[in-house]
Structure formats: structure tokens, C-alpha cells
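For reference, the structure is listed below as C-alpha cells.
There are 2 protein chains.
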Amino acid sequence: MEVRFGERVDDLGRGGLRIIQHPERFPFGMDPVLLAHFVTVRKDSRVLDLGTGCGIIPLLLSALHPTAVITGLEIQPDTADMAARSVALNGLEDRIRIDCGDYRHVRELYGHGKFDVVTLNPPYREPGTGAVSPAAGRATARHELAGDLGAALSAASVAVKYGGRVAVVFLAERLVDLLVQLRAVKLEPKRLRLIHPRAGRPANLLLLEAVKGGGPGLKVEPPLTVYAAGQTYSAELLALYNAYA
Amino acid sequence: MEVRFGERVDDLGRGGLRIIQHPERFPFGMDPVLLAHFVTVRKDSRVLDLGTGCGIIPLLLSALHPTAVITGLEIQPDTADMAARSVALNGLEDRIRIDCGDYRHVRELYGHGKFDVVTLNPPYREPGTGAVSPAAGRATARHELAGDLGAALSAASVAVKYGGRVAVVFLAERLVDLLVQLRAVKLEPKRLRLIHPRAGRPANLLLLEAVKGGGPGLKVEPPLTVYAAGQTYSAELLALYNAYA
Numbered sequence: 001m002e003v004r005f006g007e008r009v010d011d012l013g014r015g016g017l018r019i020i021q022h023p024e025r026f027p028f029g030m031d032p033v034l035l036a037h038f039v040t041v042r043k044d045s046r047v048l049d050l051g052t053g054c055g056i057i058p059l060l061l062s063a064l065h066p067t068a069v070i071t072g073l074e075i076q077p078d079t080a081d082m083a084a085r086s087v088a089l090n091g092l093e094d095r096i097r098i099d100c101g102d103y104r105h106v107r108e109l110y111g112h113g114k115f116d117v118v119t120l121n122p123p124y125r126e127p128g129t130g131a132v133s134p135a136a137g138r139a140t141a142r143h144e145l146a147g148d149l150g151a152a153l154s155a156a157s158v159a160v161k162y163g164g165r166v167a168v169v170f171l172a173e174r175l176v177d178l179l180v181q182l183r184a185v186k187l188e189p190k191r192l193r194l195i196h197p198r199a200g201r202p203a204n205l206l207l208l209e210a211v212k213g214g215g216p217g218l219k220v221e222p223p224l225t226v227y228a229a230g231q232t233y234s235a236e237l238l239a240l241y242n243a244y245a
Numbered sequence: 001m002e003v004r005f006g007e008r009v010d011d012l013g014r015g016g017l018r019i020i021q022h023p024e025r026f027p028f029g030m031d032p033v034l035l036a037h038f039v040t041v042r043k044d045s046r047v048l049d050l051g052t053g054c055g056i057i058p059l060l061l062s063a064l065h066p067t068a069v070i071t072g073l074e075i076q077p078d079t080a081d082m083a084a085r086s087v088a089l090n091g092l093e094d095r096i097r098i099d100c101g102d103y104r105h106v107r108e109l110y111g112h113g114k115f116d117v118v119t120l121n122p123p124y125r126e127p128g129t130g131a132v133s134p135a136a137g138r139a140t141a142r143h144e145l146a147g148d149l150g151a152a153l154s155a156a157s158v159a160v161k162y163g164g165r166v167a168v169v170f171l172a173e174r175l176v177d178l179l180v181q182l183r184a185v186k187l188e189p190k191r192l193r194l195i196h197p198r199a200g201r202p203a204n205l206l207l208l209e210a211v212k213g214g215g216p217g218l219k220v221e222p223p224l225t226v227y228a229a230g231q232t233y234s235a236e237l238l239a240l241y242n243a244y245a
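Protein chains in written order, with the numbering used here: chain U, 1 to 245; chain X, 1 to 245.
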């Protein structure tokens with residue numbers, strides 16, 4: 001269970017789960033935690049996490065859904081290797097598999113419709129908007145340099161079975177792009193939840209679950225508010241972070 | 001100021017405004033009130049209300065925006081006549097004009113891009129879903145019998161000037177249809193507000209403002225909660241109903 005130079009091991013505070021992270025390679029934030037709690041995962045589900053990074057979503061899902069079998073796909077070899085070592089560190093090799101590859105080749109990698117659920121925490125901003133981090137690992141995760149949103153959703157649509165679910169965390173300001181592009185690849189949006197940093201403030205993030213080949217009709221769930229006051233998390237967010245304790 | 005058999009005159013509780021309604025012809029509910037308060041109307045704006053019904057949106061906008069000049073277009077002759085009589089009842093003929101016509105002919109009626117703002121409280125459900133009222137007036141308003149959502153949005157896009165705004169109140173469950181079809185007619189969604197009947201419950205309605213030819217980027221505003229507890233309106237909704245008092 002090797003930890004390399006510059007890496008650190010963090011206790012996730014979730015039933016003893018630990019994760020290896022590298023501060024230069026986009027340490028995970030709140031998004032994967034929100035997504036892991038939002039997505040519908042049934043018994044014995046086969047889950048694919050596209051662009052898994054350090055493997056945080058597979059690790060969280062393994063704790064939340066003890067019968068799920070999860071694959072994480074990551075394009076950057078160093079990051080995929082780090083994710084695989086985190087899986088081994090937790091003794092979860094029988095339930096989580098980390099592959100190094102490009103999600104644009106998902107059909108060649110896995111075939112068509114082989115997963116019940118696909119999760120996606122895609123790069124946030126289009127190239128040329130916002131600041132691009134100088135560190136290459138961060139740049140790939142934060143910006144759509146290695147494929148755009150449409151390509152990621154196409155990959156999800158190929159990988160998921162008919163009637164299966166694709167769950168995404170994304171910027172609220174790009175809701176229209178997301179919904180239009182989901183429909184374009186036959187993923188019908190079925191559940192939407194807006195994340196507001198505080199009550200009375202605009203949403204900055206969204207959680208969206210779509211069904212492959214689903215009929216129209218969206219459920220807009222109650223919003224989630226992150227902070228109750230000052231830097232104190234809301235009761236719901238605290239409960240979510242304590243779900244594994 | 002004739003009031004006809006079966007009609008009634010209601011005081012809007014807003015600066016003395018009164019409106020003639022007919023119980024068989026879909027008396028207005030909360031939607032037009034929400035929409036009138038949501039839409040951005042600047043000084044001296046020319047506003048078109050598509051499918052104005054009893055004229056409630058023009059009447060409310062005239063009170064909220066004293067320099068706006070408003071046209072209401074209604075396809076049903078009896079309803080358009082009733083709306084025109086409400087305008088006269090309030091002595092607002094110089095600021096509100098009611099036309100009887102089909103919004104699918106909006107270009108022939110008004111030309112292209114002649115309005116700063118278009119408001120739209122479109123029929124709610126697609127034919128074949130939900131109950132269709134036996135009363136013809138109600139059926140036209142509630143269901144998309146006299147044109148579908150796409151036709152209404154096309155009409156709005158023709159009528160509004162480049163850079164002008166189109167504001168819509170619609171079912172939250174049909175958010176995806178609305179956003180996809182707005183973009184298809186070059187109306188870019190810019191502001192979204194979800195209406196939840198109560199805290200912790202899914203949204204049932206939405207308010208959306210789009211800009212003709214606008215760039216991408218949506219602001220998801222804080223949600224509006226209708227009821228605080230039991231049948232007591234929330235503070236925000238009470239304030240909105242008392243805005244004219």
C-alpha cells in the first residue's frame with residue numbers, strides 16, 4: 001500500500017475509509033460527496049464512475065451501498081494509479097476496480113449498456129472561461145480540455161443500460177447546456193436538486209439524475225442549502241457527512 | 001362598463017384595481033401574480049401578454065410599472081371582450097390594449113421584434129394528460145389544444161426585440177421541455193426560480209426569464225415557498241400580494 005512522495009492519506013471519517021490524495025492534483029471537494037448521496041443505487045448495482053480522479057466516488061458508494069460493484073475510469077495514469085492504491089488501502093479490490101482509459105473509448109472498454117448506474121463529476125468550465133490552473137492534473141479536471149460535456153454524456157449514455165440511471169453534479173449556471181445535451185443522447189432528466197450555498201442566495205451547483213430512454217417529466221426536489229450561518233454547515237449537510245460514522 | 005350574466009367583478013386589493021371574471025372560464029389563480037412580480041420590466045417598456053385571458057397580467061403590470069404600455073392578446077372573443085371591459089372599468093384604455101387574435105399569427109398582427117417584454121402563462125398540460133375540463137374556455141387555457149408550447153414560444157420569439165425578455169410561468173415537471181424549446185427559438189434562459197408549495201416539498205411551478213439572442217449562463221434564484229405552515233402564506237408571498245396596497 002504504497003504512498004508516494006507528495007501524496008497524503010486522509011481519513012474520510014466514514015467507517016474507517018481512507019483515501020490517498022495529491023495536493024497538486026485537484027483534491028476532492030464537496031461535489032463527489034453530494035453526488036454519492038444523491039444518486040439512486042439499488043441492490044447489486046453495477047456502477048461506473050467516469051473520470052473518477054482519486055476514486056472518491058467509488059469509495060463513498062462502496063460504503064453507502066454494500067452490495068454495489070463499482071468501476072472507476074480515469075484518463076491520467078498517475079491519478080488512476082493513486083486511486084487503485086486507495087482501493088487496495090481499504091481492502092476493497094473485490095468491489096472496486098480502477099481502469100486507466102479515456103471515456104471517449106467507453107464502448108471499446110466495456111461494451112454497450114453494461115452498467116446500471118453511471119456517475120459523472122465532469123469538468124466544470126468551458127476552455128477560455130475562468131482561470132486554468134497551471135498544474136496539468138488540475139487543468140484536466142477543472143476544464144473541458146480532455147473532452148467536452150457532450151462527449152462525457154455520450155460516454156455515459158453508451159455505458160448505461162436502457163432504463164439505467166446517469167447522475168451528474170454540475171454548475172447551476174450551465175443547467176440549460178446539461179439538460180439539452182442529456183436529451184440529445186437519450187438520457188431523460190428525471191430528478192433535479194439545486195445546491196444553494198446559503199438560503200436566499202442563487203444556486204451554484206446542481207445534482208441531476210437522468211434515465212436512459214426515460215419518458216418526460218422532471219421532479220425538482222427541495223433545494224439543499226450548504227451553510228446554515230457563517231461557516232456552519234446546515235443540518236442536512238452535517239447529516240450527510242456523518243452518514244458513515 | 002358592462003358586466004354580463006354569469007360574470008362577477010373582483011377587487012384585486014391592489015390600488016383599487018378591479019377585474020371582471022367568469023367562473024366557467026378559468027378564473028385566474030396564483031400563476032399570473034407570480035409572473036407579474038417576476039418579470040423584469042424597465043421604464044417605458046412595451047409589453048405583450050400572449051394568451052392574456054381575463055387580462056390579469058396586463059392589469060397587474062400596469063400597477064407595478066406605471067410607465068409600461070401593455071398589449072394583451074387573447075384568442076377567445078368572449079374572453080377578450082371581458083378583458084377589454086376590465087381595462088375600461090379601471091380607466092386604463094390609454095395604457096392597456098386588448099386584441100382578439102391567435103398568437104400563431106403574431107407576426108401579421110404586430111410585425112417582428114416590436115416588444116421589449118413578452119409574458120406567457122401557457123397552457124399547462126399536453127393533450128391526453130390530466131383531466132380536460134368540459135367547459136371549452138377552460139379546456140383551451142388548461143390544455144394545449146389551440147397550439148402547443150413550441151408554438152407559443154415561437155410567437156414570443158417573433159414578437160420580442162433582440163435583447164428583449166420573455167417571461168414564462170410553467171409546470172416545474174416540464175422544465176426540460178421548456179428550456180429545450182426556448183433555445184430552439186433563440187430565447188436563451190437567463191433567470192430561473194422554482195416555486196415549492198412548502199419547504200421540503202418538490203417544486204410544482206417555475207418562473208423563467210429568457211433573453212432573445214442572449215449568451216449562455218443561467219441564474220438559478222432562491223426558491224419561493226408558497227405556504228409557511230398550514231394554509232398560511234409565506235412572508236414573501238404575503239409581501240407580494242400586498243405590493244399594491
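Think of the CB as a built atom: it goes at the ideal place given N, C-alpha and C, for glycine as much as any other residue.
Residue-level contact check: Lys219 of chain X touches chain U, since one or more beta carbons of chain U fall below 7 Å from its beta carbon.
For Pro77 of chain X, there is no enclosing beta strand (DSSP E); the residue is found in the alpha helix (DSSP H) stretching over Pro77 to Leu89.
Closest by C-alpha distance to Leu192 of chain U, out of U:Val211, U:Glu221, U:Leu34 and U:Arg97, is U:Glu221. Taking C-alpha positions only, His65 of chain U is separated from Asp99 of chain U by approximately 21 Å.
Rounded to whole angstroms, Gly200 of chain X and Ser234 of chain X show a C-alpha spacing of 14 Å. Cβ neighbours of Val226 of chain U within its own chain (closer than 8 Å, five residues either side excluded): Met30, Ile195, His196, Pro197, Arg198, Tyr233, Ser234 and Leu237. Per DSSP, the continuous beta strand (DSSP E) segment holding Gln21 of chain X begins and ends at Arg18 to Gln21.
Sequence-ordered contacts of the segment 189-201 of chain U with chain X read Pro189, Leu192, Leu194, His196, Ala199, Gly200 and Arg201 [C-beta pairs closer than 8 Å].
In the three-state reduction of the DSSP assignment, Arg107 of chain X falls in the helix class, which pools H, G and I.
Cβ atoms of Val39 of chain X and Ala167 of chain X come within 8 Å of each other, at about 4 Å. Residue X:Leu218 holds the alpha-carbon nearest to the alpha-carbon of Leu187 of chain X among X:Asp10, X:Leu206, X:Leu218 and X:Ala203. Of the other Cβ atoms in all chains shown, fewer than 16 fall within 10 Å of the Cβ of Lys43 of chain U; this residue is therefore exposed.
Taking C-alpha positions only, Pro77 of chain X is separated from Gln21 of chain X by approximately 14 Å. Ala210 of chain U and Lys190 of chain U have their C-alpha atoms roughly 5 Å apart. Residue state for His65 of chain X is assigned as coil, using DSSP reduced to three classes.
Approximately 19 Å separates the beta-carbon atoms of Ile70 of chain X and Asp102 of chain X; this is outside 8 Å, ruling out the contact. Between Arg4 of chain U and Leu89 of chain U, the gap from beta carbon to beta carbon reaches 7 Å or more. Nearest in C-alpha terms to Leu50 of chain X, of all of X:Val180, X:Ile57, X:Leu73 and X:Ala68, is X:Leu73.
For Glu188 of chain U, the enclosing beta strand (DSSP E) has its first and last residue at Leu187 to His196.
In this structure, the CA atom of Thr119 of chain X is about 8 Å from the CA atom of Ala156 of chain X.
Of X:Val41, X:Gly150 and X:Arg183, the smallest CA-CA separation from Thr67 of chain X is found for X:Val41.
Excluding five sequence positions before and after Ala36 of chain X, the CB atoms of its chain that fall closer than 7 Å to its own CB belong to Ile57, Leu60, Leu61 and Leu64, given in chain order. A straight-line Cα-Cα distance of about 15 Å links Val160 of chain U and Ala184 of chain U.
The continuous beta strand (DSSP E) containing Val47 of chain U extends over residues Arg46 to Leu50.
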